[in-house]
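A.B. asks:
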Amino acid sequence: MEDNNHNSTAASEPDVQILTSGGLLIPAHSTILATVSPVLENIIQSPVKHRRSERVIPILGVPCDAVSAFVEYLYNSTCTEEQMEKYGIHLLVLSHVYLVPQLKQRCTRGVSERLTVENVVDVLQLTRLCDAPDLYLKCLKQVTARFKSVEQTEGWKFMQDHDPWLELEILKFIHEAESRKKRTRRHKKEQSSYLQLSDGIECLEHICREGCTTVGPYNIEPAKKPRPCDKYATCESVQMLIKHFALCKRRANGFRCSRCNRMWQLLRLHSSICDHPDSCRVPLCRQFKLKAQQQKLGDDAKWKLLVKKVLSAKAMSSLYLPKRKREEELKETKGSTAQALKTF
Ligand SMILES: [Zn+2]
Ligand SMILES: [Zn+2]
Ligand SMILES: [Zn+2]
Numbered sequence: 044m045e046d047n048n049h050n051s052t053a054a055s056e057p058d059v060q061i062l063t064s065g066g067l068l069i070p071a072h073s074t075i076l077a078t079v080s081p082v083l084e085n086i087i088q089s090p091v092k093h094r095r096s097e098r099v100i101p102i103l104g105v106p107c108d109a110v111s112a113f114v115e116y117l118y119n120s121t122c123t124e125e126q127m128e129k130y131g132i133h134l135l136v137l138s139h140v141y142l143v144p145q146l147k148q149r150c151t152r153g154v155s156e157r158l159t160v161e162n163v164v165d166v167l168q169l170t171r172l173c174d175a176p177d178l179y180l181k182c183l184k185q186v187t188a189r190f191k192s193v194e195q196t197e198g199w200k201f202m203q204d205h206d207p208w209l210e211l212e213i214l215k216f217i218h219e220a221e222s223r224k225k226r227t228r229r230h231k232k233e234q235s236s237y238l239q240l241s242d243g244i245e246c247l248e249h250i251c252r253e254g255c256t257t258v259g260p261y262n263i264e265p266a267k268k269p270r271p272c273d274k275y276a277t278c279e280s281v282q283m284l285i286k287h288f289a290l291c292k293r294r295a296n297g298f299r300c301s302r303c304n305r306m307w308q309l310l311r312l313h314s315s316i317c318d319h320p321d322s323c324r325v326p327l328c329r330q331f332k333l334k335a336q337q338q339k340l341g342d343d344a345k346w347k348l349l350v351k352k353v354l355s356a357k358a359m360s361s362l363y364l365p366k367r368k369r370e371e372e373l374k375e376t377k378g379s380t381a382q383a384l385k386t387f
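Using the numbering used here, read the sequence shown as starting at 44 and increasing by one per residue.
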């Protein structure tokens, strides 16, 4: 229906002219302009005395060809890649000023695909005026990612001189992005060490239950070369800790070395998590439970927090990571696992 209207109007004579900054006059049909842009509709419908000329609508401040591309869009709702390449930024401004949301969307996408070190600061300044928050954020991220180069551009220097508030805003964003990154990195590191603790406990449990490669359950003959389990690196470290713990001379003399301490922590962690201490084969499991009850070790807030973090790291990893990815990640961390085990 609307298209028919357009066609029939387009066939009729143009009744307005658009004046561009180069002095070019583009003939147009007021009905079409008014249908697509409420701002142009207002201008067209406003009483004659408020307009500079009855039949001329000035669109100044952007290149002539950008205005031509804009008028073309008002007629056929399309915009070529070439026009976007050359006048994307201008079309964005025009679409904002004349309230043409579809074009604005198209420009936001088009301009964001064409961001470069050279133009990003200009676009950033413009998007603030055009109320294009997505594009604004994308520019900020680009500036953050390539700040060393952006800082050298003319655009940046100009902005520094003329818009110190924007500079401040950008620097603030960069600072926040960096601390966000640091936080995430720290969180990931923490999560992975909790996850390794949880893996260590799992290995300890299965070693004490059915044995693994060199260490078997304490009351059963070591199994004859059982196949290694899938957490091989962690499992091996735990087996070494178990062997050390059994043989450590310093421990026999009443002292505890750092490796014994790690084993001790792992055994206590297991006991805190274990829900069947009566049938459990992990050494000291029941003793730890009893001790916790007697000495109210359970009230140790720091310890409780560690247990909670280990449990939640395990739950998170099994909830959010597909199995294959998790295995890949383990492979990646294999090298560092032995080291991570030192935190036990
Ligand atoms: Zn194992
Ligand atoms: Zn020791
Ligand atoms: Zn247990």
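Yeah, the Cβ is synthetic: ideal placement off N, Cα and C, and Gly gets one too. Keep in mind it's a predicted model, so treat the numbers as computed, not measured.
Can you check DSSP and say which residues form a bridge with T63?
C.D. replies: BP columns for T63 point to I102.
A.B. asks: What do you get for H218, buried or exposed, if any count of 16 or more other CB atoms within 10 angstroms of its CB means buried?
C.D. replies: Counting Cβ neighbours within 10 Å, H218 comes out exposed, since fewer than 16 surround it.
A.B. asks: Can you find the residues in the same chain that come closer than 8 Å, C-beta to C-beta, to A394, ignoring five residues on each side of it along the sequence?
C.D. replies: This structure cannot speak to residue 394, because the chain is shown only from 44 to 387.
A.B. asks: Grouping DSSP H, G and I as helix and E and B as strand, with all else coil, what is C291?
C.D. replies: DSSP places C291 in coil when its eight states are reduced to three.
A.B. asks: For W199, does the count of other Cβ atoms within 10 angstroms reach 16, so buried, or fall short, so exposed?
C.D. replies: W199 should be labelled buried.
A.B. asks: Helix, strand or coil: which one does DSSP assign to L68?
C.D. replies: Correct three-state label for L68: strand.
A.B. asks: Does any heavy atom of ligand 1 sit closer than 7 Å to the C-beta of L250?
C.D. replies: The identity of residue 250 in the sequence shown is Ile, whereas the question assumes Leu. Checking every heavy atom of ligand 1 against the Cβ of I250, one is found closer than 7 Å.
A.B. asks: Could you check whether the Cβ of S314 sits closer than 7 Å to any heavy atom belonging to ligand 3?
C.D. replies: Within the cutoff, so yes.
A.B. asks: Please report how far the alpha carbon of N304 lies from the alpha carbon of K292, in whole angstroms.
C.D. replies: Approximately 14 Å, taken between the alpha carbons.
A.B. asks: Among residues of its own chain, excluding the 5 on either side of M359, which ones have a beta-carbon nearer than 8 Å to its beta-carbon?
C.D. replies: Here the set comprises Q234.
A.B. asks: Distance, Cα to Cα, C317 vs S301?
C.D. replies: So the two alpha carbons sit approximately 24 Å from each other.
A.B. asks: Between the C-alpha atoms of K272 and N296, what's the straight-line distance to the nearest angstrom?
C.D. replies: Residue identity differs from the one stated: residue 272 is Cys in this sequence, not Lys. Using only the alpha carbons, I get a separation of about 34 Å.
A.B. asks: Which stretch, first to last residue, makes up the alpha helix (DSSP H) that contains K334?
C.D. replies: Counting along the chain, the alpha helix (DSSP H) containing K334 begins and ends at 328 to 338.
A.B. asks: Alpha carbon to alpha carbon, what distance is there between S155 and D177?
C.D. replies: Going by the C-alpha atoms only, they are around 9 Å apart.
A.B. asks: Which same chain residues end up closer than 7 Å to S315 when comparing Cβ atoms and leaving out the 5 residues on each side of it in sequence?
C.D. replies: Excluding residues within five positions, the ones whose Cβ falls inside 7 Å are V350.
A.B. asks: Should C303 be listed as close to ligand 2, given that the test is whether its C-beta is under 7 Å from any heavy atom?
C.D. replies: Yes; taking the cut-off as 7 Å, the Cβ of C303 has a heavy atom of ligand 2 nearer than that.
A.B. asks: What is the DSSP secondary structure of C317, reduced to helix, strand or coil?
C.D. replies: C317: coil per DSSP, three-state reduction.
A.B. asks: For C173, which residues in the same chain have their Cβ closer than 7 Å to its Cβ, ignoring the five residues on either side in sequence?
C.D. replies: Result list for C173: L135, V136, H139, in chain order.
A.B. asks: Do V193 and V164 count as a contact pair if the criterion is CB distance below 8 Å?
C.D. replies: Closer than 8 Å, so yes.
A.B. asks: Helix, strand or coil for V114? Go by DSSP, reduced to three states.
C.D. replies: Correct three-state label for V114: helix.
A.B. asks: Mind pulling the alpha helix (DSSP H) runs of 4 or more residues that sit fully within the stretch 156 to 180?
C.D. replies: Listed in chain order, the complete alpha helix (DSSP H) runs (minimum 4 residues) inside the stretch 156 to 180 are 163 to 173.
A.B. asks: Express the C-alpha separation of P70 and S96 in angstroms, rounding to a whole number.
C.D. replies: Its pLDDT being 48, under 50, S96 is placed unreliably by the model, and the measurement read from it follows with that caveat. Straight-line Cα distance between these residues: approximately 14 Å.
A.B. asks: Under 7 Å Cβ to Cβ from K332, same chain only, skipping five residues before and after it: list those, please.
C.D. replies: Taken in chain order, the residues that qualify are S314, P320.
A.B. asks: Could you tell me the distance, in whole angstroms, from the CA atom of T63 to the CA atom of P106?
C.D. replies: Distance between the alpha carbons of T63 and P106 is about 8 Å.
A.B. asks: Which stretch, first to last residue, makes up the alpha helix (DSSP H) that contains P81?
C.D. replies: Run containing P81: 81 to 88, per the alpha helix (DSSP H) assignment.
A.B. asks: With C-beta atoms as the reference, is A112 less than 8 Å away from C122?
C.D. replies: The answer is yes: Cβ separation under 8 Å.
A.B. asks: Please return the same chain residues whose Cβ sits closer than 8 Å to the Cβ of F190, not counting the five positions on each side in sequence.
C.D. replies: Excluding sequence neighbours, F190 sits near I217.
A.B. asks: Looking only at DSSP bridge pairs, what is C255 linked to?
C.D. replies: In DSSP, C255 forms a bridge with V258.
A.B. asks: Where does E128 sit, in a helix, a strand or coil, going by DSSP?
C.D. replies: Here E128 sits in helix by DSSP.
A.B. asks: Going by the C-beta, is K274 closer than 7 Å to any heavy atom of ligand 1?
C.D. replies: Checking the Cβ of K274 against ligand 1 gives yes.
A.B. asks: When the Cα atoms are used, what is the spatial distance from Q203 to L209?
C.D. replies: For Q203 and L209, the distance between alpha carbons rounds to 8 Å.
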